[in-house]
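Heads up: the structure comes next, in structure tokens.
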Amino acid sequence: MAIAIDFGTSNTVIARWNPVTQQPETLKIPELSIQQGLNPPLIPSLLYVEDASIAQVLIGQQVRDRGVDIKGDSRFFRSFKRGIGADIQGFLPELDGCNITFEQVGEWFLQRIIKQLSSVEGGLDSLVLTVPVDSFEAYRHWLGKVCEPLSIEQVRMLDEPTAAALGYGLTGEDLLLVVDFGGGTLDLSLVRLDKSVQQESKKPLGFLLKFGNKSLAENSKQKVKTARVLAKVGQNLGGTDIDNWLTDYFAKTQDLAISPLTTRLAEKLKIQLSTQNQASEVYFNDETFESYELELNRDTFENILQKHSFFVMLDDLISQLLQQARRQGIEIADINAVLLVGGTSQIPAVQKWIKNYFDADKIRSQQAFEAIAHGALQLASGVEVKDFLYHSYGIRYWNRRQNCHNWHPIIKEGQPYPMNKPVELYLGASLENQPSIELIIGELGTQSGGTEVYFDGDRLITRRVETSTTVVKALNDSDGARNIAQLTPPGFPGSDRVKVFLEVDEQRFLRITVEDLLSGETLLENQIVAQLS
Numbered sequence: 021m022a023i024a025i026d027f028g029t030s031n032t033v034i035a036r037w038n039p040v041t042q043q044p045e046t047l048k049i050p051e052l053s054i055q056q057g058l059n060p061p062l063i064p065s066l067l068y069v070e071d072a073s074i075a076q077v078l079i080g081q082q083v084r085d086r087g088v089d090i091k092g093d094s095r096f097f098r099s100f101k102r103g104i105g106a107d108i109q110g111f112l113p114e115l116d117g118c119n120i121t122f123e124q125v126g127e128w129f130l131q132r133i134i135k136q137l138s139s140v141e142g143g144l145d146s147l148v149l150t151v152p153v154d155s156f157e158a159y160r161h162w163l164g165k166v167c168e169p170l171s172i173e174q175v176r177m178l179d180e181p182t183a184a185a186l187g188y189g190l191t192g193e194d195l196l197l198v199v200d201f202g203g204g205t206l207d208l209s210l211v212r213l214d215k216s217v218q219q220e221s222k223k224p225l226g227f228l229l230k231f232g233n234k235s236l237a238e239n240s241k242q243k244v245k246t247a248r249v250l251a252k253v254g255q256n257l258g259g260t261d262i263d264n265w266l267t268d269y270f271a272k273t274q275d276l277a278i279s280p281l282t283t284r285l286a287e288k289l290k291i292q293l294s295t296q297n298q299a300s301e302v303y304f305n306d307e308t309f310e311s312y313e314l315e316l317n318r319d320t321f322e323n324i325l326q327k328h329s330f331f332v333m334l335d336d337l338i339s340q341l342l343q344q345a346r347r348q349g350i351e352i353a354d355i356n357a358v359l360l361v362g363g364t365s366q367i368p369a370v371q372k373w374i375k376n377y378f379d380a381d382k383i384r385s386q387q388a389f390e391a392i393a394h395g396a397l398q399l400a401s402g403v404e405v406k407d408f409l410y411h412s413y414g415i416r417y418w419n420r421r422q423n424c425h426n427w428h429p430i431i432k433e434g435q436p437y438p439m440n441k442p443v444e445l446y447l448g449a450s451l452e453n454q455p456s457i458e459l460i461i462g463e464l465g466t467q468s469g470g471t472e473v474y475f476d477g478d479r480l481i482t483r484r485v486e487t488s489t490t491v492v493k494a495l496n497d498s499d500g501a502r503n504i505a506q507l508t509p510p511g512f513p514g515s516d517r518v519k520v521f522l523e524v525d526e527q528r529f530l531r532i533t534v535e536d537l538l539s540g541e542t543l544l545e546n547q548i549v550a551q552l553s
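Each residue of the sequence shown is one higher than the one before, counting from 21 in the numbering used here.
The structure is reproduced here in structure tokens:
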């Protein structure tokens with residue numbers, strides 16, 4: 021049975037492919053899914069550690085049913101997806117003699133869900149996981165490590181906005197803009213869904229994290245739809261930030277302590293305002309036995325968003341996306357439909373902002389919570405995703421003028437893969453009798469007037485940054501990995517010594533080949549450096 025998991029910052033959606041109806045369906049997992057009869061069933065992305073030494077945890081609705089999400093307990097975790105792969109982890113407690121990381125919390129959460137799914141009728145032989153469009157290689161690498169020990173034939177990965185475009189079920193050659201606005205990230209993706217064509221497929225479709233002895237599409241004649249990603253941008257901005265802004269507002273105006281309880285009440289007010297103009301919740305302080313009524317209307321809510329440059333950040337992001345589109349001759353009027361995904365996209369102020377750019381009849385919102393998981397399942401039913409690299413990649417060099425290391429781009433963002441032609445570099449020795457040559461390759465992520473992520477106590481916060489900075493993630497800066505050529509005889513300055521070929525294959529692996537120009541020997545051949553994003 022094929023399963024898709026849309027692991028979100030606030031909520032997680034599980035879907036499976038029904039072989040009878042040939043349609044995706046959302047699963048309700050006993051004890052884990054919200055029990056209030058909501059449709060679709062969601063699993064809150066919450067975790068409580070009962071005993072870290074034996075990985076005994078509560079997740080999802082179990083956490084709320086026990087009431088441990090409102091007590092300020094250091095064993096409770098929410099919004100932990102945002103911290104996975106982050107350079108700064110902030111203060112995380114030591115529990116039961118174990119050092120806790122966001123990666124560990126996320127692993128416990130997914131492992132518990134997958135364990136529950138393994139008992140579902142039909143078994144679990146194919147798994148599709150979705151990832152934010154702005155995720156660095158570290159997040160994808162973490163996801164791969166979580167999947168390594170699973171006894172599942174196939175594990176695949178797909179960008180969340182691309183999955184959403186497939187999940188809305190629009191066919192033909194429509195040009196779609198996906199606005200994926202969840203609890204932790206805002207991703208915009210311009211996707212073209214080409215018409216289905218009858219073709220022979222001899223290889224698995226999609227980006228494989230893990231591949232067993234069989235493929236759902238292998239050696240079968242099938243109709244293959246192509247999802248072609250034309251432009252995409254992303255930012256660490258989501259519903260969690262809005263919850264924090266509302267909590268801070270009530271702390272300032274009503275002198276309330278910031279706590280998990282007040283944050284939860286703020287979230288409830290925000291959700292109420294998606295369907296009504298006025299919202300209220302009662303707050304009870306069990307220490308002072310005082311009660312307060314928290315009230316909020318849409319006008320005040322929008323003023324709070326304005327104060328935190330919310331709409332300015334949205335304008336910046338869509339400008340970046342449209343700039344990418346114009347390079348390919350695509351104007352805003354060419355976009356046929358706008359697909360809203362994620363809980364934050366349901367906020368009326370967000371929908372009003374989108375209508376500043378697009379006619380109302382182009383905007384779709386009915387599949388906001390299920391589109392990603394349902395679309396991801398289409399990888400199991402014959403959809404090929406033609407994508408490009410979101411980040412640029414470069415090599416580190418010594419800038420003598422500035423007396424520091426800098427990065428020179430060699431693979432630009434937007435590069436389709438697999439690459440038709442490898443990048444060629446010629447490198448020489450810089451010292452007399454140099455025994456080897458090193459090459460450090462990095463993933464370059466430019467943040468221009470975007471957001472900065474930092475910790476305020478135990479809260480993961482984002483704020484607007486006015487200056488441009490470039491964040492670099494070195495891919496191979498470790499002993500052994502950075503050394504690409506042992507020189508025999510040793511090298512000397514003044515001439516090229518090795519020729520380097522770099523290319524990206526169909527599974528996003530960056531591969532390197534190195535030839536010694538002096539001896540004619542191939543020192544490295546098609547060796548994997550890293551998986552790219």
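C-beta atoms are modelled at their ideal positions from N, C-alpha and C, and glycine is treated no differently. Keep in mind the model is a prediction, meaning the values are calculated, not measured.
Would you mind reading off the limits of the alpha helix (DSSP H) that contains residue 393?
Here the question's residue 393 lines up with position 373 in the sequence shown. Where residue 393 is concerned, the enclosing alpha helix (DSSP H) stretches over 391–396.
What is the rounded straight-line gap between the Cα of residue 186 and the Cα of residue 395?
Within the sequence shown, the letter at position 166 stands for residue 186. Within the sequence shown, the letter at position 375 stands for residue 395. Using only the alpha carbons, I get a separation of about 4 Å.
By the 10 Å Cβ neighbour count, where 16 or more other Cβ atoms means buried, how is residue 549 classified, buried or exposed?
In the sequence shown, residue 549 corresponds to position 529, counting from 1. Buried is the call here.
Within its chain, find whatever has a CB closer than 6 Å to the CB of residue 201; leave out the 5 residues flanking it on each side and keep chain order.
For the purposes of this step, residue 201 is taken as residue 181 along the sequence shown, with counting starting at 1. 362, 364 and 365.
So residue 423 is in the beta strand (DSSP E); what residue range does that whole segment cover?
For this step, residue 423 is matched to residue 403 along the sequence shown. First-last for residue 423: undefined, no H or E at that position.
From the DSSP output, read off the bridge partner residues of residue 300.
Start at 1 with the first residue of the sequence shown, and residue 300 comes out as number 280. Residue 300 is bridged to 315.
If you draw a straight line from the C-alpha of residue 346 to the C-alpha of residue 208, how long is it?
Here residue 346 refers to the residue found at position 326 when the sequence shown is read from its first residue. Here residue 208 refers to the residue found at position 188 when the sequence shown is read from its first residue. Rounded to the nearest angstrom, the two C-alpha atoms are 15 Å apart.
Would DSSP call residue 161 helix, strand or coil?
Within the sequence shown, the letter at position 141 stands for residue 161. Note: residue 161 maps to helix in three-state DSSP.
DSSP state of residue 521, grouped into three classes?
Taking the first residue of the sequence shown as position 1, residue 521 is located at position 501. Reduced to three states, the DSSP call for residue 521 is strand.
Between which two residues does the beta strand (DSSP E) harbouring residue 180 extend?
The residue labelled residue 180 in the question sits at position 160 within the sequence shown. Here residue 180 belongs to no beta strand (DSSP E); instead the alpha helix (DSSP H) covers 180–187.
Beta-carbon proximity list for residue 183, same chain, < 6 Å, skipping 5 on both sides
Translated into positions along the sequence shown, residue 183 becomes position 163. Answer for residue 183: 150, 392, 395 and 396, listed in chain order.
Environment of residue 546 [buried if 16+ CB atoms lie within 10 Å]
Taking the sequence shown and counting its residues from 1, the one referred to as residue 546 is at position 526. With fewer than 16 other Cβ atoms within 10 Å, it is exposed.
Identify the continuous alpha helix (DSSP H) that holds residue 97 and give its terminal residues.
Against the sequence shown, residue 97 aligns to sequence position 77. Note, residue 97: premise wrong, no alpha helix (DSSP H); beta strand (DSSP E) at 96–98.
Apart from the five residues on each side of it in sequence, which residues of its chain come closer than 7 Å, Cβ to Cβ, to residue 134?
Against the sequence shown, residue 134 aligns to sequence position 114. Excluding positions up to five away in sequence, the list reads 170.
Is any beta-carbon of chain E found at less than 7 Å from that of residue 131?
Protein chain content of the structure displayed is limited to a single chain, and chain E is not contained in it.
In its own chain, which residues sit with a C-beta less than 7 Å from the C-beta of residue 48, not counting the 5 before and 5 after it?
Within the sequence shown, numbered from 1, the residue matching residue 48 stands at position 28. Once the five neighbours on either side are set aside, the close Cβ partners of residue 48 are 61.
Since residue 126 and residue 165 are thought to touch, with beta carbons under 8 Å apart, how far apart are those beta carbons, to the nearest angstrom?
As a working mapping, residue 126 is identified with position 106 in the sequence shown. As a working mapping, residue 165 is identified with position 145 in the sequence shown. With 8 Å as the limit, residue 126 and residue 165 do not qualify as a contact, their Cβ atoms being about 11 Å apart.
Can you tell me whether DSSP reads residue 537 as helix, strand or coil?
One-based indexing of the sequence shown puts residue 537 at position 517. Residue 537: coil per DSSP, three-state reduction.
Between the Cα of residue 10 and the Cα atoms of 367, 390 and 355, which residue gives the shortest distance?
Because residue 10 is not part of the residues shown, which for the chain are 21 to 553, the question remains open.
Under 8 Å, with one C-beta from each stretch per pair, do the stretch 451–459 and the stretch 503–515 reach the 3-pair mark?
yes
Please give the ranges of any beta strand (DSSP E) in the stretch 350–389, keeping only runs that are unbroken, at least 3 residues long and fully inside the region.
357–361
Residue environment, residue 411, which counts as buried when at least 16 other CB atoms sit within 10 Å:
Position 391 of the sequence shown holds residue 411. Residue 411 comes out buried.
Residue 308 lies in the alpha helix (DSSP H); which residues open and close that run?
The count along the sequence shown starts at 1 and reaches residue 308 at position 288. Per DSSP, residue 308 belongs to no alpha helix (DSSP H) and is neither H nor E.
Identify every residue that forms a DSSP beta bridge with residue 31.
Position 11 of the sequence shown, counted from the first residue, corresponds to residue 31. Answer is 64, bridged to residue 31.
How about residue 524 and residue 446: do their beta carbons lie closer than 7 Å?
One-based indexing of the sequence shown puts residue 524 at position 504. One-based indexing of the sequence shown puts residue 446 at position 426. Result no, Cβ atoms of residue 524 and residue 446 do not sit closer than 7 Å.
Residue range of the beta strand (DSSP E) that includes residue 510:
As a first step, residue 510 is located in the sequence shown; it is residue number 490 there, counting from the start. Run containing residue 510: 503–511, per the beta strand (DSSP E) assignment.
Alpha carbon to alpha carbon, how far is residue 139 from residue 281?
Position 119 of the sequence shown, counted from the first residue, corresponds to residue 139. Position 261 of the sequence shown, counted from the first residue, corresponds to residue 281. Going from the Cα of residue 139 to the Cα of residue 281 covers about 34 Å.
Using 8 Å as the Cβ pair cut-off and three pairs as the minimum, do the stretch 326–341 and the stretch 284–301 touch?
no
Could you give the residue range of the alpha helix (DSSP H) that holds residue 287?
Residue mapping note: residue 287 aligns to position 267 of the sequence shown, counting from 1. Here the alpha helix (DSSP H) through residue 287 covers 280–292.
Give every residue of the same chain whose Cβ lies closer than 7 Å to the Cβ of residue 515, excluding the five residues on either side of it in the sequence, and list them in chain order.
For the purposes of this step, residue 515 is taken as the residue at position 495 of the sequence shown. Within the same chain, residue 515 has close Cβ partners 448.
Below 8 Å on the Cβ atoms is my guess for residue 283 versus residue 267; work out the distance and round it to an integer in Å.
Counting from one through the sequence shown, the residue named residue 283 turns up at place 263. Counting from one through the sequence shown, the residue named residue 267 turns up at place 247. That belief holds up - the Cβ atoms of residue 283 and residue 267 are roughly 5 Å apart, short of 8 Å.
Under the three-state reduction of DSSP, which class applies to residue 240: helix, strand or coil?
Here residue 240 refers to the residue found at position 220 of the sequence shown. For residue 240, the predicted structure reports a pLDDT of 32, less than 50, and the residue's modelled location is therefore unreliable. A value from the coordinates is still provided. Strand, per DSSP.
Identify the continuous alpha helix (DSSP H) that holds residue 43 and give its terminal residues.
For this step, residue 43 is matched to residue 23 along the sequence shown. Element bounds for residue 43: not the alpha helix (DSSP H) but the beta strand (DSSP E), 43–46.
Opposing strand residues paired with residue 252 [DSSP bridges]:
What you label residue 252 is simply residue 232 of the sequence shown in a count that begins at 1. According to DSSP, residue 252 bridges with 209.
Strand pairing of residue 330, partner residues [DSSP]:
To locate residue 330, count along the sequence shown from 1; it is residue 310. The partner list for residue 330 (beta bridge, DSSP) is empty, contrary to what the question assumes.
Identify whether residue 542 lies in helix, strand or coil by the three-state DSSP scheme.
Translated into the one-based positions of the sequence shown, residue 542 becomes position 522. The answer is strand: DSSP assigns residue 542 an E or B state.
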